[in-house]
Every structure is written in structure tokens, then in C-alpha cells.
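**Q** In my numbering, the protein residues as written are 4 to 162. The structure that follows is given in the form of C-alpha cells.
If you want it as C-alpha cells, here you go:
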């Protein structure tokens, strides 16, 4: 039989226990933060919308107040081969958790809503949402002005 004993002072034992607890709490918080980031990405990329109320609620989740009904609903063909315009548009999509390459050659619906609360422009701002089989596969917020802008559903951070 093998017996091992350790002798330590009470202060050292309390110190070791505190350090151990701090390591455990730190690891828990780290894992929790990483899980939240991945969960938020998945919420954006796997949203099912079966009706207008759900589409409007999705846009509201980003802080956008939009028209109660779509101002335009059209069928869009995503090309089988992307040109520079589609490659650049898909960069916006990838940055927000989508990827249109999976839908090359597919016909999708584009729902367009008027954005009523864009911070720097009172009118002429639209929210476009691409939907395939009731699943949001991409979209953008854009200005219809000649010198307009386009970005993902989140408002870009100002620097």
C-alpha cells in the first residue's frame, strides 16, 4: 500500500482554492461568450419566415422600423456564375453569416421594405430580404439615391 501526505499551511490551501475557482470561472465565462457569438450567427443564417409579420419582426430585430407591408416582391434568379457585382454582394452576405454561393442557379424571392428610421437619411432607404423556401438567405439595407450605400442588416459602426 502506498500513502502520500502533504503538509501545507491554511493560508496556502485557501490561496490554491481561490486560484482554482478563478480558473474555473474564467473558463466558464470564456466558453459562454464564444457560445453566444456562434448562436447569434446561427440565428441570422437559419431564420424561417413564413409570413409578412415574421419578415418585419426579423428586420425589427436589427432595430429597423419598416413599412408594414413589402413595397415590392419580385422573383430573382441568382446566377449560376457570379460576376464582380455578385461577388461583392456576396462578401456583404458572408460578413453577416449568409452565403449565396449555395443558391447559384436558384430562383428566390426578394422582399423590399421601406426603412423609416435610418439615422442619416429620412427617405429612400430600403431593406431587401432574399428568401428561398421560407428561409432568409441574404439581404441588405441600401439607399436608392445615386450616391447611395449598401450594407448588411446591421448598421455599420462609425469610426
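From the three backbone atoms N, C-alpha and C, an ideal C-beta is built for every residue, glycine too. Note that the structure is a prediction, hence the values are computed from the model and not measured.
Smallest Cα separation from residue 50: which of 101, 66 and 11?
**A** Walking along the chain shown from the start, residue 50 turns up at place 47. It is 101 whose Cα lies nearest to the Cα of residue 50.
**Q** From residue 92 to residue 57, what does the alpha carbon distance come to, in whole angstroms?
**A** Start at 1 with the first residue of the chain shown, and residue 92 comes out as number 89. Start at 1 with the first residue of the chain shown, and residue 57 comes out as number 54. Answer to the nearest angstrom: the Cα atoms are 24 Å apart.
**Q** In whole angstroms, what separates the C-alpha of residue 87 from that of residue 96?
**A** Translated into positions along the chain shown, residue 87 becomes position 84. Translated into positions along the chain shown, residue 96 becomes position 93. If I take the Cα positions, the gap works out to 14 Å.
**Q** State whether the region 17 to 37 contacts the region 103 to 120, with contact taken as three or more CB pairs (one from each stretch) at a distance under 8 Å.
**A** Because the criterion of three Cβ pairs below 8 Å is not met, the region 17 to 37 and the region 103 to 120 do not touch.
**Q** Can you give me the C-alpha to C-alpha distance between residue 141 and residue 66, rounded to a whole angstrom?
**A** Residue mapping note: residue 141 aligns to position 138 of the chain shown, counting from 1. Residue mapping note: residue 66 aligns to position 63 of the chain shown, counting from 1. Distance between the alpha carbons of residue 141 and residue 66: 17 Å.
**Q** Is it buried or exposed for residue 90, if we count other Cβ within 10 angstroms and need 16 for buried?
**A** Mapped onto the chain shown, residue 90 falls at position 87. The residue in question, residue 90, is exposed, as its Cβ has fewer than 16 Cβ neighbours within 10 Å.
**Q** What is the DSSP secondary structure of residue 114, counted as helix, strand or coil?
**A** Mapped onto the chain shown, residue 114 falls at position 111. Strand, per DSSP.
**Q** Smallest Cα separation from residue 107: which of 126, 135 and 30?
**A** Reading the chain shown from its first residue, position 104 is the one you call residue 107. Checked all of 126, 135 and 30; the closest Cα to residue 107 is 135.
**Q** On the DSSP letters alone, give me the boundaries of the alpha helix (DSSP H) that residue 133 sits inside.
**A** As a first step, residue 133 is located in the chain shown; it is residue number 130 there, counting from the start. Not the alpha helix (DSSP H): residue 133 falls in the beta strand (DSSP E), residues 128 to 135.
**Q** What's the C-alpha gap between residue 39 and residue 99?
**A** One-based indexing of the chain shown puts residue 39 at position 36. One-based indexing of the chain shown puts residue 99 at position 96. Bear in mind that a pLDDT of 46 at residue 39, under 50, signals an unreliable position, so the model cannot answer this.
**Q** Quick check on this structure: which residue in 143, 83, 10 and 111 has the alpha carbon closest to the alpha carbon of residue 61?
**A** Translated into the one-based positions of the chain shown, residue 61 becomes position 58. With distances taken between Cα atoms, residue 61 lies closest to 143.
**Q** Just how far apart, CA to CA, sit residue 152 and residue 74?
**A** In the chain shown, the residue the question calls residue 152 occupies position 149. In the chain shown, the residue the question calls residue 74 occupies position 71. So the two alpha carbons sit approximately 19 Å from each other.
**Q** Can you say whether residue 33 is buried or exposed, counting buried as having 16 or more other CB atoms within 10 angstroms of its CB?
**A** Position 30 of the chain shown, counting from 1, holds the residue named residue 33. Result: exposed.
**Q** Three-state secondary structure (DSSP) at residue 59?
**A** In the chain shown, the residue the question calls residue 59 occupies position 56. Residue state, collapsed to three classes: helix.
**Q** Please report the distance separating the alpha-carbon of residue 70 from that of residue 132.
**A** Taking the chain shown and counting its residues from 1, the one referred to as residue 70 is at position 67. Taking the chain shown and counting its residues from 1, the one referred to as residue 132 is at position 129. Each residue's alpha carbon lies about 13 Å from the other.
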